[in-house]
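Order-wise, the sequence lines are chains S and W.
The numbering of the first sequence is my numbering, which starts it at 99 and goes up by one.
The numbering of the second sequence is my numbering, which starts it at 354 and goes up by one.
Structure first, then comments.
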Amino acid sequence: MRILALIQRIMLQLLRDKRTMALLFFAPLIVLTLMYFFFNGDNENPQLGVIGGNDPLIAALENASIDVVSYNDADQQTIITDELDGLLEINEGGFRVTLENNDPSTSRALLMQVTQAAAMQAGGEAPASIDTEYIYGDAETEFFDVLGPILVGFFVFFFVFLISGIGLLKERVSGTLERLLATPIRRWEIVLAYLTGFGIFAIIQTIIVVFYSIQVLDMIMVGQVWHVIIVNLLLALVALSLGILLSTFASSEFQMVQFIPIVVIPQIFFAGIIPLEGMADWLQNISRIMPLYYAADALKAIMYRGEGLVDVYSNLLALAAFAAVFIFLNIIALKRYRKL
Amino acid sequence: MESSISINKLGKKYGKTTVLHEVDLQIAGGEIFGLIGPSGSGKTTLVKMIVGIDSPSGGTVEVLGKRVPNLSLLQEIGYMAQSDALYPELTGRENLRFFASLYKMKRSVLKERVAYAADLVQLTDELGKKVSAYSGGMKRRLSLAIALVHDPKILILDEPTVGIDPELRLSIWSELMLLKMEQGKTIIVTTHVMDEAEKCDRIAMVREGGILAAGTPDELKAAYGAADLEGVFLQAGRDAR
Numbered sequence: 099m100r101i102l103a104l105i106q107r108i109m110l111q112l113l114r115d116k117r118t119m120a121l122l123f124f125a126p127l128i129v130l131t132l133m134y135f136f137f138n139g140d141n142e143n144p145q146l147g148v149i150g151g152n153d154p155l156i157a158a159l160e161n162a163s164i165d166v167v168s169y170n171d172a173d174q175q176t177i178i179t180d181e182l183d184g185l186l187e188i189n190e191g192g193f194r195v196t197l198e199n200n201d202p203s204t205s206r207a208l209l210m211q212v213t214q215a216a217a218m219q220a221g222g223e224a225p226a227s228i229d230t231e232y233i234y235g236d237a238e239t240e241f242f243d244v245l246g247p248i249l250v251g252f253f254v255f256f257f258v259f260l261i262s263g264i265g266l267l268k269e270r271v272s273g274t275l276e277r278l279l280a281t282p283i284r285r286w287e288i289v290l291a292y293l294t295g296f297g298i299f300a301i302i303q304t305i306i307v308v309f310y311s312i313q314v315l316d317m318i319m320v321g322q323v324w325h326v327i328i329v330n331l332l333l334a335l336v337a338l339s340l341g342i343l344l345s346t347f348a349s350s351e352f353q354m355v356q357f358i359p360i361v362v363i364p365q366i367f368f369a370g371i372i373p374l375e376g377m378a379d380w381l382q383n384i385s386r387i388m389p390l391y392y393a394a395d396a397l398k399a400i401m402y403r404g405e406g407l408v409d410v411y412s413n414l415l416a417l418a419a420f421a422a423v424f425i426f427l428n429i430i431a432l433k434r435y436r437k438l
Numbered sequence: 354m355e356s357s358i359s360i361n362k363l364g365k366k367y368g369k370t371t372v373l374h375e376v377d378l379q380i381a382g383g384e385i386f387g388l389i390g391p392s393g394s395g396k397t398t399l400v401k402m403i404v405g406i407d408s409p410s411g412g413t414v415e416v417l418g419k420r421v422p423n424l425s426l427l428q429e430i431g432y433m434a435q436s437d438a439l440y441p442e443l444t445g446r447e448n449l450r451f452f453a454s455l456y457k458m459k460r461s462v463l464k465e466r467v468a469y470a471a472d473l474v475q476l477t478d479e480l481g482k483k484v485s486a487y488s489g490g491m492k493r494r495l496s497l498a499i500a501l502v503h504d505p506k507i508l509i510l511d512e513p514t515v516g517i518d519p520e521l522r523l524s525i526w527s528e529l530m531l532l533k534m535e536q537g538k539t540i541i542v543t544t545h546v547m548d549e550a551e552k553c554d555r556i557a558m559v560r561e562g563g564i565l566a567a568g569t570p571d572e573l574k575a576a577y578g579a580a581d582l583e584g585v586f587l588q589a590g591r592d593a594r
């Protein structure tokens with residue numbers, strides 16, 4: 099079959115290009131790791147004071163890499179003088195956590211782990227209530243925690259966009275695309291083969307990035323891993339079809355790279371790294387045309403808030419719509435070469 | 354002889370520049386037809402429109418009785434572009450197999466055709482090498498092999514011998530003759546080399562987007578009273594002004 103031949107050729111070409119393979123699979127990991135160290139300079143285990151904890155709970159906490167210090171009596175002053183990251187008080191009413199919150203990402207991770215440990219204690223169910231108090235700042239200081247899911251989405255988008263765009267561009271510039279159209283292949287077959295050929299690499303990349311982020315970098319992950327992968331795959335499909343489409347408007351690799359500041363960089367700003375709520379209305383409206391905005395929103399919901407695919411279906415629909423429009427435009431754009 | 358390709362009032366404009374004006378041309382089945390002219394005269398645009406990968410601004414092209422563009426027609430056309438359209442990361446065999454598999458062909462036939470086409474252009478021993486390691490002449494020959502790998506009735510070759518050493522040029526031409534004589538293929542060749550034009554059954558002289566003269570080399574020489582085709586070209590060009 100023609101499509102299979104084309105897919106096979108695209109994959110073979112990419113496999114032979116070792117440097118591009120390395121860029122696709124390892125560059126996101128390197129940058130993510132760097133980001134991780136930048137934003138999590140303090141890598142020590144968090145210190146948690148516990149009042150009235152039982153042995154299984156403490157064991158669960160220690161399993162989660164928390165250094166537990168038991169107290170009979172302690173208050174906020176104890177946290178500061180003993181340089182604890184937080185204090186967990188357990189009484190009949192439930193859980194009460196006081197967080198030092200000097201470093202919001204530590205606090206957030208600590209609270210998450212305490213919640214998980216407590217939930218495990220309660221037999222999988224979340225405890226009725228965890229009262230949370232902050233010594234510094236409040237629950238809103240979650241800047242860097244939110245960054246993780248966005249970065250995962252961004253790197254998937256960026257590298258897939260670049261490599262697929264340049265892939266088709268090479269075909270255009272070298273004349274092989276025209277040569278391809280002198281065979282009985284149909285335009286949609288070319289687009290579909292490109293989506294599949296590069297899509298297979300995008301799937302591998304997505305899986306590597308997601309697992310690395312969660313397993314090695316310990317990125318916050320409350321929801322289901324496969325939900326994260328589904329969202330990223332949809333995003334990769336958007337990046338793939340957009341990359342191929344924009345390569346139509348580039349006449350060299352360098353011109354393709356010039357799309358990065360125009361198409362890729364602005365998406366970071368609209369993806370929620372900077373809170374959008376405070377922005378002017380027209381700026382907020384612009385975010386609605388950024389695929390990464392929807393992906394980041396969905397990833398945040400799943401990884402950070404533990405929501406499922408059902409809760410983010412409108413984001414998924416938006417991503418699917420972007421992909422559909424770009425794929426359709428791609429088939430049209432090839433008309434420039436052959437009407438049929 | 355029945356007409357294999359029929360071109361009627363074919364024109365092409367890019368914006369305001371006219372690249373081709375109202376070209377009429379009939380090409381018979383089983384002949385080698387040469388399009389002769391300097392670079393920029395519109396030869397490539399003309400052959401691309403015959404293949405159907407460029408759309409005319411006016412006029413029609415019919416190939417084997419079907420209006421171009423037509424997907425099923427592409428099965429019958431072997432096209433060799435002016436620049437080698439090959440995948441340098443892949444080996445010669447992989448390139449050949451890839452293009453062959455875009456056509457309707459049985460798997461067993463495909464294998465045979467790949468071997469045949471490679472043998473015809475004397476590349477059998479080099480098929481395992483990556484194309485990035487090929488010389489210019491080898492790439493040209495591989496392009497030719499790709500053009501005929503699916504056994505098309507019509508071969509359209511855009512400057513097949515440019516940048517190829519004389520020895521190889523001779524062998525490519527004798528192969529083309531063979532394809533015509535033994536398999537009755539219709540072959541359209543563009544060239545700007547006059548001695549290649551002599552080898553064609555019929556030629557059309559293309560200049561500035563129009564056809565100055567068409568006929569067999571001998572007819573043209575007689576009509577313009579010139580000793581060689583170069584003379585015909587000059588005379589026809591002067592007459593056109």
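Quick reminder that beta carbons are idealized off the backbone N, C-alpha and C, glycines included.
Near chain S, meaning a CB-to-CB distance below 8 Å, the residues of the stretch 415-429 of chain W are Pro422, Asn423, Leu424, Ser425, Leu427 and Gln428. At a cut-off of 8 Å, the C-beta of S:Thr281 has a neighbouring C-beta in chain W. Within a 10 Å sphere around the beta-carbon of S:Ile128 sit fewer than 16 other beta-carbons, which makes this residue exposed. Counting other Cβ atoms within 10 Å of its Cβ, S:Gln365 reaches 16 or more and is therefore classed as buried. DSSP lists S:Val148 and S:Val195 as the bridge partner or partners of S:Leu186.
Within chain S, no C-beta atom comes nearer than 9 Å to that of W:Gly364; the closest sits roughly 16 Å away. The CB of W:Tyr487 never comes closer than 9 Å to any CB in chain S; the least such distance is about 14 Å. Residues of chain W whose Cβ lies closer than 8 Å to the Cβ of S:Gln111 are, in chain order, Tyr440, Glu442 and Leu443.
Residue-level contact by beta carbon fails for W:Ala470 and chain S, as no gap is shorter than 8 Å. Checking the DSSP bridge columns, you'll see W:Ile380 partnered with W:Ile358.
A buried status is given to S:Phe259, since no fewer than 16 other beta-carbon atoms sit within 10 Å of its beta-carbon. Closest option to W:Val467, judged by alpha-carbon separation, among W:Gly395, W:Leu443 and W:Ala500: W:Ala500. Residue environment: S:Gln303 is assigned as buried (16 or more neighbouring CB atoms within 10 Å of its CB, all protein chains considered). Our two residues, W:Leu521 and W:Val416, have alpha carbons roughly 30 Å apart in a direct line.
Judged by DSSP secondary structure, W:Met558 falls within the beta strand (DSSP E) whose first and last residues are Arg555 to Arg560.
Note that the stretch 337-353 of chain S touches the stretch 251-270 of chain S; at least 3 beta-carbon pairs, one per stretch, sit closer than 8 Å. DSSP links S:Ser168 through a beta bridge to S:Val148.
Using a 10 angstroms sphere on the CB of W:Thr569, the tally of other CB atoms stays under 16, which defines it as exposed. Taking a C-beta distance under 8 Å as the contact criterion, W:Lys533 and W:Ile525 do not qualify as a contact pair. Interface annotation, W:Val404: in contact with chain S, CB-CB separation under 8 Å.
Contact with chain W is found for S:Ser272, since one of that chain's Cβ atoms lies less than 8 Å from the residue's Cβ. Look at W:Thr539 here: in three-state DSSP terms it is strand. Between S:Ile156 and S:Val289, the C-beta gap is not smaller than 8 Å, which leaves the two residues out of contact. Taking the beta carbon of S:Asp115 as reference, the chain W residues within 8 Å of it are Glu442, listed in sequence order. The C-beta of S:Ala103 comes closer than 8 Å to at least one C-beta of chain W.
In this chain, the beta strand (DSSP E) harbouring W:Gly563 covers Gly563 to Gly568.
Per DSSP, the unbroken alpha helix (DSSP H) holding W:Met547 starts and ends at Met547 to Ala550.
Taking a beta-carbon distance threshold of 8 Å, S:Glu276 counts as an interface residue toward chain W. S:Leu438 reaches chain W at Gly405, Pro422, Asn423 and Leu424, counting residues in chain order whose Cβ is nearer than 8 Å. DSSP assignment within the stretch 425-471 of chain W yields the following whole beta strand (DSSP E) runs of 3 residues or more, N-terminal first: 430-433. Residue state for W:Val474 is assigned as coil, using DSSP reduced to three classes. According to DSSP, residue pairing for S:Tyr232 in a beta bridge involves S:Leu197. Contact of W:Ala434 with chain S is assigned, a C-beta pair being separated by under 8 Å. Proximity of W:Leu455 to chain S, defined by a Cβ-Cβ separation below 8 Å, is satisfied.
Taking the Cα of W:Ile389 as reference, the smallest distance to any Cα among W:Glu572, W:Asp548, W:Ala593 and W:Lys459 is reached at W:Asp548. By the Cβ neighbour-count rule, S:Ile400 is buried, with 16 or more other Cβ atoms within 10 Å of its own.
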